[in-house]
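Number of protein chains: 2
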Amino acid sequence: MITVYGMAISGNCWKVAAILQLTGRTFAWIETDSNSGATRTPEFLALNPNGKVPIAVLEDGAVITESGAMLAHFAEGTPWLPAPGLARTRVFEWLFFEQYSHEPYIAVARNIITYLKQADRFAERLTQCRERGAQALAVMERRLAAHDWLTDAGPTIADLALFAYTHVADEGGFRLADYPGVAAWVARLAALPGVTTLPRAA
Amino acid sequence: MITVYGMAISGNCWKVAAILQLTGRTFAWIETDSNSGATRTPEFLALNPNGKVPIAVLEDGAVITESGAMLAHFAEGTPWLPAPGLARTRVFEWLFFEQYSHEPYIAVARNIITYLKQADRFAERLTQCRERGAQALAVMERRLAAHDWLTDAGPTIADLALFAYTHVADEGGFRLADYPGVAAWVARLAALPGVTTLPRAA
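Chains L and Y, in that order, are what the protein sequence lines are. Start counting the first sequence at 1; every next residue gets the next number (our numbering). Start counting the second sequence at 1; every next residue gets the next number (our numbering).
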């Protein structure tokens, strides 16, 4: 069986659980809290020298790191990832956009505000997160104002990757009501059979 | 003919030129300086709403964004990208690692120190860049101390993606001599036929 090391509140980890569930695989989940140092132990670093969750351990013991690589790995040969060519490239554009221009601001703002509860200490960082996060949501809105999904291939891992932190962006201080196309897309994806959402902070 | 909008000193833009050259394609290059605002004009934003170089405009007018997506697009069907399966997934692990854990520190340090020449103004940012950049180089060293290439598939777009900012990491204040496996790999890749290097700052 596939084993995922992940943190239940992490959108990056949610992505892996989502694609495994949506492609009908069973897997074990080992809760691993990066905020408390569980990803910096010698045991964990032996699995991923970069010290980050999520990771997936395959049946043969091979370890896969990086949520974007895992999404593509487990989606290969399913409708969640189009065949090679421009349709597939459109999916990867969004996967890289998410990791470079979206997650570092929207996920980080959520962690600072809702989980670390240290908005004052990280005030300067939060200012950057708000500005760049709003830019990222505006880029998504430009597409989603007129389309159901991020690419023309229907729902793909591009949508899963962006849904991860967008559907909880309010926990980072973002108002999805300001991005009506994005808000409608969040509802559309959440309504697909088998799609779960992240737990909300208590 | 393919047209690339890029900045000659940018490692992200170098990646696109590299894979096009190494796969035998001719292309036009339109120099586009993001440090002076050329990626925020209405004309450029119409091509890439995210306002970043590089972008590639294909013969039919389709625009591809995100250097990682472009590497995969142009490498498809060549030895630079293995067929789908674990070998390909290993390549994508490095592509995502580069954009999330390497480029935001090593490329940013290089830009602050060597191109913006504002090390004092961004002192706090540089401290983070030095720490996280060193971590990224250590992750690479762990692999490259005992292997010729980042994955077992020989030289791939994973190597091109990481070479981009690693071979000029000294311009960001990093000492490659501290990472002998990485330094040997830089020399190994630079020696391959057709591989060019970034211009050095004057």
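Heads up, the beta-carbon is just placed ideally off N, CA and C, and yes, glycines get one too. As the structure is a computational prediction, the values presented were derived from the model and not from experiment.
Legend entry - For Y/W29, the residue or residues it bridges with in DSSP: Y/V4
Legend entry - Where the alpha helix (DSSP H) through L/I112 begins and ends: Taken as a continuous stretch (DSSP letters only), L/I112 belongs to no alpha helix (DSSP H), as it is neither H nor E.
Inset, instruction - Look up Y/A56 in the DSSP assignment and give the residues it is bridged to. - result: Y/V4 and Y/I64
Inset, instruction - Ignore the nearest five residues each way along the sequence and tell me which others in Y/D33's own chain have a CB closer than 7 Å to its CB. - result: Around Y/D33: M7.
Inset, instruction - Give the residues from the stretch 85-107 of chain L that approach chain Y closer than 9 Å (Cβ to any Cβ), ordered along the chain. - result: G85, L86, R88, T89, R90, V91, F92, E93, W94, L95, F96, F97, Q99, Y100, S101, E103 and P104
Legend entry - Sequence-distant residues of its chain with Cβ nearer than 8 Å to L/I30 (five each side left out): The answer, listed in chain order, is T3, V4, Y5 and G6.
Legend entry - Interface partners of Y/T166 on chain L, CB under 9 Å: Result: empty, since nearest Cβ-Cβ is about 15 Å, beyond 9 Å.
Legend entry - Beta-carbon gap between L/V91 and L/A136 smaller than 8 Å: Cβ distance not < 8 Å, so L/V91 and L/A136 don't count as in contact.
Inset, instruction - Tell me where the alpha helix (DSSP H) around L/K117 begins and ends. - result: Here L/K117 belongs to no alpha helix (DSSP H), and DSSP marks it neither H nor E.
Inset, instruction - Let me know if Y/Q99 comes out buried or exposed under the rule of 16 or more other beta-carbons within 10 Å of its beta-carbon. - result: buried
Inset, instruction - Confirm the yes/no value for this check: CB of L/R125, any heavy atom of the ligand FMN, distance under 7 Å. - result: For the structure depicted, the ligand FMN is absent and the ligand set is empty, with no information on it obtainable.
Inset, instruction - Kindly list the residues whose CB is nearer than 6 Å to the CB of Y/G51, restricted to its own chain and excluding five residues on each side of it in sequence; keep chain order. - result: Excluding sequence neighbours, Y/G51 sits near T39, R40 and L45.
Legend entry - Minimum C-alpha distance to L/A109 - residue among L/K117, L/C129 and L/Q118: With distances taken between Cα atoms, L/A109 lies closest to L/C129.
Legend entry - Boundaries (first-last residue) of the alpha helix (DSSP H) holding Y/N12: G11 to L22
Inset, instruction - Taking only beta-carbon positions, decide if Y/A123 is within less than 8 Å of chain L. - result: no
Inset, instruction - With distances taken Cα to Cα, identify the nearest neighbour of Y/D148 among Y/A138, Y/W185 and Y/P104. - result: Y/W185
Legend entry - Which listed residue (L/L150, L/A201, L/A153 and L/P193) has its alpha carbon closest to that of L/V168: L/A201
Inset, instruction - Flag L/P49 as yes if its beta-carbon sits less than 8 Å from any beta-carbon of chain Y, otherwise no. - result: Yes, because at least one Cβ of chain Y sits closer than 8 Å to the Cβ of L/P49.
Legend entry - First through last residue of the alpha helix (DSSP H) which encompasses Y/V91: L86 to F97
Legend entry - Backbone CA spacing between L/G11 and Y/M140 [nearest angstrom]: Going by the C-alpha atoms only, they are around 26 Å apart.
Legend entry - Three-state secondary structure assigned by DSSP to L/H102: The answer is helix: DSSP assigns L/H102 an H, G or I state.
Legend entry - Within 8 Å, strictly: CB atoms of L/K15 and L/L116: no
Inset, instruction - Measure the Cβ-Cβ separation of L/I64 and Y/T89 and say whether it is below 8 Å. - result: Cβ atoms of L/I64 and Y/T89: closer than 8 Å.
Legend entry - Members of the stretch 137-151 of chain L near chain Y, C-beta cut-off 7 Å: V139 and R142
Inset, instruction - Closer than 7 Å by beta-carbon distance: list the chain Y residues that pair up with L/G61, in chain order. - result: The premise fails here: L/G61 is roughly 12 Å from chain Y at the closest Cβ pair, so nothing lies under 7 Å.
Legend entry - Backbone CA spacing between L/P82 and Y/T114 [nearest angstrom]: 41 Å
Legend entry - Whole-number beta carbon distance between Y/C13 and Y/V53, since they are thought to touch under 8 Å: 6 Å
Legend entry - Alpha carbon of L/R125 to alpha carbon of L/E131, nearest angstrom: 10 Å
Inset, instruction - For Y/G68, collect the residues of the same chain with a Cβ closer than 7 Å to its Cβ; drop the 5 residues on either side in sequence, then sort them by chain order. - result: L95, Q99 and A161
Inset, instruction - Would you decide whether Y/M70 is buried or exposed? Buried here means 16 or more other CB atoms lie within 10 Å of its CB. - result: buried
Inset, instruction - Kindly list, in the order they appear in chain Y, the residues whose Cβ is closer than 9 Å to that of L/I64. - result: L86, T89, R90 and E93
Legend entry - Pick from L/D120, L/I106 and L/F74 that is closest to L/A138, judged by C-alpha positions: L/I106
Legend entry - Beta-carbon proximity of Y/T156 to Y/W80, cut-off 8 Å: yes
Inset, instruction - State the CB to CB distance for the pair L/L176 and L/V182, rounded to an integer number of angstroms; the pair is presumed to be in contact (CB under 8 Å). - result: 6 Å
Inset, instruction - Inspect the beta-carbon positions of L/E93 and Y/E66 and report whether they are closer than 8 Å. - result: yes
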